[in-house]
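Single-structure report; data block below.
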Amino acid sequence: MTRARGPRARTRRRYSERTYQRALREYQQGGYDAAMTLFRQFLRQYPKSVLAGKAQYWIGESLYGQKQFEAAIVAFDEVNRKYPKDEKVASAMLKQGFAFAELGDKRNARFFLEQVQKKYPNSSEAQLATEKLKQLRR
C-alpha cells in the first residue's frame, strides 16, 4: 500500500497488497524459502509501502521457522531500525529474545525480553516475554 493517490497509485497499491498476501500465504503453508523470496521482492518493489515493516518481520519469522536464529535476529533488528513505528516492532523484539534463547544466549535473550516489557508493557508480547523470562530463570 503506497501513499500516492490516483488511479495508477490505486492499481499499484492493489498489486502490492496481492504480492504481500501471496508471500504471507507461502509462509503460512510452510514455504519459508519461497516466502522470503517473495517478501524480499516485495521490499525491492515497494520499499515505502505501509506493509514494508510487516514484510521484513515475516522474513525474520521465515528464518526463525528454519532455525536460522542468527539470521532471524538480524532480520528482526531491521524491523526495529528501518520501521520503528510499525506495529510489528514489539513482535520483532520479542522474537529476537526468543532467537537468542534458542542459541543459548540467555543474557541477550533477557535483554530483548525485558525491553519488550519496558517499551510495550500492556501488550500480548510483554505477556509472552514475561513467560519466557520465567523459563529462562529455571
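Residue numbers (numbering that gives the first Met the number 0): 0 to 137. Glycine included, every Cβ here is placed at the ideal spot set by N, Cα and C.
- Following the DSSP letters along the chain, one finds D76 inside the alpha helix (DSSP H) bounded by residues 68-81.
- Around the beta carbon of N121, a 10 Å sphere encloses fewer than 16 other beta carbons of the protein chains shown; the residue is thus reported as exposed.
- Spatial neighbours of P83 in its own chain (CB-CB distance under 7 Å, excluding positions within 5 residues in sequence) are not present.
- In this structure, the alpha-carbon of E25 lies about 25 Å from that of R80.
- The DSSP-derived three-state label of G29 is coil.
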